[in-house]
Amino acid sequence: MSTNVIANEVITCAPEKRRISLEGVLRNEYFLYLVSSVLFLSIWHYIAKEQILGKSLATPHAVVMELVRLTLRMESPNLTQVQLAGKTLVGHVWASTQRILIGFTLASLVAIPLGLFMALNRTVNAIVKPVFDLFKPMPPIAWISIAILWCGIGEGSKIFIIVIGTFVPCLLNSYNGIRLIEPELYDVIRSLGGNRRDEILQVSFPAAFPAIFAGLQISLSIAWTCVLAAELVSARSGLGWIIIQGMKLTKPELVIGGMLIIALVAWLTTLMVSGLERLLCPWKRHIEKL
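In my numbering, the protein residues as written are 4 to 293.
Below is the structure:
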């Protein structure tokens, strides 16, 4: 039940009661989510059990049990405590997440203000844009070798790769968020007697927030790709290192488990950014039933 106040009158609207039907249940999105998930797990279990792909695919049950052993630090026949580097699954997840948070934060603190300044100031844009366009097409993974040469095989090289990977989408979205604002919005501020400062604070920044948060979402996805690539090359902890151990020990359940944990943690971090966006940018338009 919803209540609307119009001209000091309270109008109460009762929600429309819909009859439950078989067609309605079959078309319900949550029911379809359940069906697709069960179907996917069933096909996965059948292919793994029948060894259609050989022994390189573990069953969902084997993956879950391997993750339980890692979480509780239980020893499996082929995976000892030494090979886990003395960490549980939570410890390895935190190792990767910590690298993500440091690199993502550093890149955001530099890229977002720089992108805004480039869009608002032609001089800054003329100085920065040629250099940025030169480095923009380079994939972050291509920086791994030189990152190790500059920063060694410690945490510095991994964080450097994450900064490189997340810097570009943050800057691009901040830049385009300002450049693509409709000129009519500035005309409204000017017609009300506003100056350049009012244009920036009341139009440019609020209108650019949705694009900035979109860039943050993209940067988070790229950050997980970068940290995984960095941990595959040189690491003694992290989810990428777990995947490498599973490959060395020929344990597909460990490899797939690491992949699923990466997807889960990346999804949770994306939800956190989405929640922050709803808090700081409540005016963002949402298209329903798209």
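Just so it is clear, CB atoms sit at the ideal spot from N, CA and C, and this is done for glycine as well.
Fair warning: this is a prediction, and the values are worked out from it, not measured in the lab.
May I ask which residues mark the beginning and end of the alpha helix (DSSP H) holding T272? From DSSP, the alpha helix (DSSP H) with T272 extends over P255 to L283.
Cβ of I50 within 8 Å of Cβ of L60? Yes, the pair counts as a contact, with Cβ atoms nearer than the cut-off.
What residues in its chain sit with their C-beta under 6 Å from that of L188, if we drop five residues either side in the sequence? V206, listed in sequence order.
Please identify the residue among M68, T74 and P133 whose C-alpha is closest to the C-alpha of E256. Comparing Cα-Cα distances from E256 to each of M68, T74 and P133, the minimum goes to M68.
Within the same chain, show all residues whose beta-carbon is closer than 7 Å to that of Q220, passing over the 5 residues directly before and after it, in chain order. If you ignore the 5 residues before and after Q220, its C-beta comes within less than 7 Å of the C-beta of T273 and V276, all in its own chain and listed in chain order.
Top-ranked residue by Cα proximity to K90, from L242, M250 and W286: Of the candidates L242, M250 and W286, the one whose C-alpha sits nearest the C-alpha of K90 is L242.
Which residue marks the beginning of the alpha helix (DSSP H) containing W153, and which one marks its end? I147 to C154 is the span of the alpha helix (DSSP H), which, as asked, contains W153.
Secondary structure at W286, three-state DSSP: helix, strand or coil? Correct three-state label for W286: coil.
Assuming F216 and E280 make a contact with CB atoms under 8 Å, what is their CB distance in whole Å? Contact flag correct, Cβ pair sits at about 4 Å.
Is there contact between the region 91-110 and the region 160-179, where contact requires at least three CB pairs shorter than 8 Å? The region 160-179 and the region 91-110 touch, with three or more beta-carbon pairs separated by less than 8 Å.
Please work out which residues of its chain come closer than 7 Å, Cβ to Cβ, to F62, disregarding the five sequence neighbours upstream and downstream, and give them in chain order. The question names Phe, yet the displayed sequence has Thr at residue 62. Excluding residues within five positions, the ones whose Cβ falls inside 7 Å are H48, A51 and K52.
If you draw a straight line from the alpha carbon of L223 to that of L119, how long is it in whole angstroms? Near 20 Å, if we compare the C-alpha coordinates of L119 and L223.
Which residue wins for smallest C-alpha separation from A226, given the options A266, G260 and V258? Looking at A266, G260 and V258, the one whose alpha-carbon comes closest to that of A226 is A266.
Return the first residue and the last residue of the alpha helix (DSSP H) that P209 is part of. Residues F208 to V236.
G196 to L137, Cα distance in whole Å? Cα to Cα, G196 sits roughly 41 Å from L137.
Would you mind working out which of I164, Y178 and F135 sits nearest I147, comparing C-alpha positions? Nearest option by C-alpha distance: I164.
CB-CB length for V2 against I103, believed under 8 Å: A query on residue 2 cannot be resolved here, the shown segment of the chain reaching from 4 to 293 and no further.
Counting C-beta neighbours from all protein chains within 10 Å, is the total for S160 16 or more, i.e. buried, or is it exposed? A buried status is given to S160, since no fewer than 16 other beta-carbon atoms sit within 10 Å of its beta-carbon.
Nearest to W244 (by Cα), restricted to the options E185, Y33 and G261: That would be G261, whose Cα lies nearest to the Cα of W244.
G159 lies in the alpha helix (DSSP H); which residues open and close that run? Counted as a single uninterrupted DSSP element, the alpha helix (DSSP H) harbouring G159 occupies residues E158 to R182.
For L183, the nearest candidate out of F208, S194 and S240 (CA to CA): Minimum Cα distance to L183 is reached at F208.
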